[in-house]
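Student: In the numbering used here, the protein residues as written are 64 to 198.
For every residue, glycine included, the Cβ atom is placed at its ideal position computed from N, Cα and C.
Got a structure for you, questions after.
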């Protein structure tokens with residue numbers, strides 16, 4: 064049986080190059096991806112996030128020319144969580160698409176709460192890039 068999937072997106076009025084350069088930096092994730100962590104630090108060849116469920120190892124896709132920002136989150140004693148995330152140049156702006164994969168033990172309420180948290184994160188990224196001009 065396949066998992067339920069939701070594609071969540073936001074349009075950002077910022078050039079792709081600037082948006083991607085900002086978003087691809089793991090150091091910047093806590094500034095906009097509150098669902099991931101409030102603190103993220105480099106530990107050898109991976110990153111460690113302090114999450115509500117404890118410490119998690121985060122493996123990011125290497126920088127690339129395609130806007131791929133996929134990452135894996137590994138919490139102790141749990142299956143890896145794969146997070147597909149894309150940025151696409153669109154005219155003078157950028158489209159950001161987050162594919163939310165429902166986790167096996169997740170009920171409807173938790174899946175909806177996760178979706179709302181992701182939407183809030185995407186809007187925080189939009190605000191940082193548009194209103195505050197980061198990147």
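Within 7 angstroms: the Cβ of residue 89 and any heavy atom of the ligand NAP?
Tutor: The model on display carries no ligand, and the ligand NAP is accordingly not part of it.
Student: Which residue from 77, 143, 90 puts its Cα closest to that of residue 190?
Tutor: 77
Student: Checking 8 angstroms against the spacing of the C-beta atoms, do residue 113 and residue 96 come in under that value?
Tutor: With respect to residue 96, residue 113 sits apart: the two C-beta atoms are not nearer than 8 angstroms.
Student: Can you tell which of 87, 75, 82, 142 has its C-alpha closest to the C-alpha of residue 124?
Tutor: 87
Student: Can you tell which of 145, 172, 85, 94 has its C-alpha closest to the C-alpha of residue 162?
Tutor: 145
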